[in-house]
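This report refers to the structure that appears directly beneath it.
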Amino acid sequence: MRSLLPIGLSAAFAVGCTSVGLSVEAPSEDVPARHDHSGHEHVRAEHLRAEHLRAEHLRAEHAHEAALVAPRLHSLEVTVEEKRDGTVEVEQTFTLEAEGRTIRRGPVLNFVTVFHGPAELVLDNGMKVESVVRKGEAEPFQEVRGDGQRLLFIGSEDVVLEHGRHEYTVRYRALGGWRKRGGELFDAFDVTGPFQGFVIDRVRARVILPSGVALERHSTSLTGSKAEGPGFTVVGSGNELAVETTAPLVGNHSLFLNTSWSAAGFSGRRHWVQVLLQHPRLPLSAFGGAALLLALWLILAGSRRREKNKTVAATA
Numbered sequence: 002m003r004s005l006l007p008i009g010l011s012a013a014f015a016v017g018c019t020s021v022g023l024s025v026e027a028p029s030e031d032v033p034a035r036h037d038h039s040g041h042e043h044v045r046a047e048h049l050r051a052e053h054l055r056a057e058h059l060r061a062e063h064a065h066e067a068a069l070v071a072p073r074l075h076s077l078e079v080t081v082e083e084k085r086d087g088t089v090e091v092e093q094t095f096t097l098e099a100e101g102r103t104i105r106r107g108p109v110l111n112f113v114t115v116f117h118g119p120a121e122l123v124l125d126n127g128m129k130v131e132s133v134v135r136k137g138e139a140e141p142f143q144e145v146r147g148d149g150q151r152l153l154f155i156g157s158e159d160v161v162l163e164h165g166r167h168e169y170t171v172r173y174r175a176l177g178g179w180r181k182r183g184g185e186l187f188d189a190f191d192v193t194g195p196f197q198g199f200v201i202d203r204v205r206a207r208v209i210l211p212s213g214v215a216l217e218r219h220s221t222s223l224t225g226s227k228a229e230g231p232g233f234t235v236v237g238s239g240n241e242l243a244v245e246t247t248a249p250l251v252g253n254h255s256l257f258l259n260t261s262w263s264a265a266g267f268s269g270r271r272h273w274v275q276v277l278l279q280h281p282r283l284p285l286s287a288f289g290g291a292a293l294l295l296a297l298w299l300i301l302a303g304s305r306r307r308e309k310n311k312t313v314a315a316t317a
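Okay, so the sequence shown: first residue is 2 according to the working numbering, each after it adds one.
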């Protein structure tokens, strides 16, 4: 399943006191010092230069402070279970660092919800969030649907998170974005797609197939890692693929798990149902085309019949 993402907006925070910069207006060096006829023009120019340097220092200092309070996840663990009926169940558990900043409400995650289905038609995966838990207790949440994406606002608007670590678990179900080629199904899942804008210290991800279904092939793609080398370890055996990062992820990071397995026993009925529901004009167009072909056939058949009757009449 592609990021219920993979596209578009970054994950963000609904935060309080996010303005950490300080606007300091520095005197311009292009404006000459006013002459006060006291012989201190040189001293005033030096003073202006000193003020300018002080303002630049303040700007740099507050830019550094802003970098220090960037949203951070201590850990992210994701489990994706592929189902035989064409759906996937996903569980995301992440620990949010709230040290040294005031976070109002909680994190906002962005999921891409479109993928290419049968006949390359773009389908929405119908993502449904089943639960959100924080520190073992049910947490309020709100889903906002967009064009090809879903924003998940976690927490209450009037709640300010206390400093410390907050562990969240999000569970949702969606239509699987796998594609069939030959006798195999292929899928790709963007593990960190909903968490763009976060620094993530450690990621663990698993893709689990139904019992008795073995992975045929798999690969992993990672960007945004501070590690030298691949930046992850992979263990793939039986019906499970497990990947773990070895260094923090920063910037526009991504972690894609690409898998393939035998299509035997998997149903694509749900995908075709969504084709009919989300592209209702397609069946009408197909019906219209079939009706047109039938009409043309009847016209040609009638024409041939008349020609045959004329030939028989002339012979008689």
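Backbone N, C-alpha and C define an ideal beta-carbon position, used for all residues, glycine too.
In this text, all values refer to a predicted model and were calculated from it rather than measured experimentally.
Straight-line measurement puts the Cα of ARG105 at about 10 Å from the Cα of ALA99. Of the residues assessed, PRO231 falls on the exposed side of the cut-off, its CB having fewer than 16 other CB atoms within 10 angstroms. SER255 is not a Cβ neighbour of GLY213, given a cutoff of 9 Å. Contact fails between the stretch 131-150 and the stretch 184-199, because fewer than three Cβ pairs, one in each stretch, are under 8 Å apart. Note on PRO108: 16 or more other CB atoms within 10 angstroms of its CB, so buried under the neighbour-count rule. Taking one beta carbon from each stretch, the stretch 72-89 and the stretch 169-185 have 3 or more pairs nearer than 8 Å; the two touch. As DSSP reads the structure, VAL236 sits in a beta bridge with ALA243. Our two residues, ASP125 and ALA228, have alpha carbons roughly 35 Å apart in a direct line. Straight across, the Cα-Cα distance linking TRP262 with ASP159 is about 47 Å. With contacts defined as CB atoms closer than 9 Å, GLU83 and PRO211 qualify as a contacting pair. In the structure shown, ARG203 falls within a coil segment according to DSSP collapsed to helix, strand and coil. The three-state reading of DSSP puts PRO195 in helix, counting H, G and I together. The shortest CA-to-CA distance from ALA139 to any of GLN150, LEU152, GLY127 and SER157 is the one to SER157. Sequence-distant Cβ neighbours of VAL235 in its own chain, meaning closer than 8 Å and more than five residues away, are HIS219, THR221, LEU242, ALA243 and VAL244.
Comparing C-alpha distances from PHE267 to each of ILE300, PRO249, PHE187 and ARG207 shows the shortest one belongs to PHE187. PHE142: member of the beta strand (DSSP E) spanning 142-147, first to last residue. Cβ-Cβ separation between ASP191 and LEU74: approximately 16 Å, too far for a contact (criterion under 8 Å). Straight-line measurement puts the Cα of PHE199 at about 39 Å from the Cα of ALA265. The residues VAL81 and TYR173, in chain order, have a CB closer than 6 Å to that of VAL91 in the same chain once the five nearest residues on each side in sequence are set aside.
The C-alpha of ILE209 lies about 9 Å from the C-alpha of GLY239. Cα atoms of GLU217 and ALA206: separation of roughly 18 Å, rounded to the nearest angstrom. Collapsing the DSSP output to three states places LEU122 in coil. If you look at LYS227, you'll find it isn't in any beta strand (DSSP E); DSSP assigns it neither H nor E. In this structure, LEU153 places its C-beta atom within 9 Å of the C-beta atom of LEU110. The beta carbon of VAL171 sits closer than 6 Å to the beta carbons of GLN93 and VAL133 from its chain, once the five residues preceding and following it are set aside; these are given in chain order.
By the C-beta density criterion, VAL204 is buried, having at least 16 other C-beta atoms within 10 angstroms. DSSP, read as helix, strand or coil, puts ARG85 in coil.
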